[in-house]
Structures are given as C-alpha cells and as structure tokens.
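Asks: Taking the numbering used here, the leading residue of the sequence shown gets 512, the next gets one more, and so forth.
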Amino acid sequence: MSHSEESTARAAEDKSPARSRAEWVSFSLSLVILSAVVGLVLYRWVATKDQPPVISVTSDPEIRKVEGQFYLPYTVTNTGGGTAESVEITAQLVIAGEVEEEGFQNIDFLSEGEIKSGAFIFQHNPAQGKLILRATGYKLP
512 MSHSEESTAR AAEDKSPARS RAEWVSFSLS LVILSAVVGL VLYRWVATKD QPPVISVTSD
572 PEIRKVEGQF YLPYTVTNTG GGTAESVEIT AQLVIAGEVE EEGFQNIDFL SEGEIKSGAF
632 IFQHNPAQGK LILRATGYKL P
C-alpha cells in the first residue's frame, strides 16, 4: 500500500458516519426526558424548601380485642415539606368526663410524605368513651 493510499484509508476511518434521523430523534427525546426530570426535581426542591413538617394522626375504626386488651391502630402522616424527628403521639381515652387511660408513642423519624402505623393498647374499650388522638410535638433534624 502506498503512502497516499494509507492516508486515504486513515481519513476514511477517522470520519464518523453521519447520524441517522432515528438516532437524532432518539437523542432529542432522551434529552427532553432528562431535562424534564431534572426540572421537576429542582422545582420540588425549591417549592418545598423551608416548609415545616405537618403531622396528622388518624385512627383505624376497627378496634381489636385480644386477651382483655383493646388495640387501637393508628396512622401518622407527614404532609409538610420537611422532616420531623422524635414525633410524639398521644392518645387519651375519656370516659364520663374523666381521662381513664393515656398512652404515648414516639416515632423516631418521619420524612416528607412518609406514613407510619402503630397501635395503642387500652384496658377499657375505646368505643365506650371519647378518644383524643393527636400529635403533640416533634423536633427538626
């Protein structure tokens, strides 16, 4: 092979083939999807920044009775923008105007949008009184 033939062969190898229309369309779609995901993550980060946790507690209406004790399931949800630590949940069972029983639960960590469940255990039937179930506090990480 002569020197000029080698140069021509190398030049042909060095040139990358032209991209097909399908490759450009795939690249463009990938770029749009990636940009949308990055944009949504950034928007969510900016929109929820500096918003405190919002803690809500709900009880399950189905109370279980096992060996003379009443189990009251509950769910705690953080609908706010931040994370809460040491979330304190209190349940009071009021019968005939008096607090008959009181229970406390502590949830170590509740991030934004997280839901956790548990149960309070009572000696008296919660259906026979008024139940007060609420979050009483948390601390920021």
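Each residue gets a CB set at the ideal place from its N, CA and C atoms; glycine is no exception.
These numbers were taken from a predicted model, which means no experiment stands behind them.
Going by alpha carbons, who is nearest to GLN562 out of PHE615, PHE633, GLU623?
Replies: Counting from 1 along the sequence shown, the entry for residue 562 is found at position 51. The shortest Cα separation from GLN562 among PHE615, PHE633, GLU623 belongs to GLU623.
Asks: So what does DSSP say about PRO637, is it helix, strand or coil?
Replies: One-based indexing of the sequence shown puts residue 637 at position 126. Here PRO637 sits in helix by DSSP.
Asks: What beta strand (DSSP E) runs, 3 residues minimum, are completely inside the stretch 544-623?
Replies: Segments of the beta strand (DSSP E) lying fully in the stretch 544-623: 566-570, 575-577, 580-589, 595-606, 609-621.
Asks: Are the stretch 566-580 and the stretch 624-637 in contact at 8 Å, needing three or more beta carbon pairs?
Replies: Judged by Cβ distances under 8 Å, the stretch 566-580 makes contact with the stretch 624-637, as three or more pairs qualify.
Asks: Any idea which residues DSSP pairs SER628 with across the strands?
Replies: Here residue 628 refers to the residue found at position 117 of the sequence shown. SER628 pairs with THR586.
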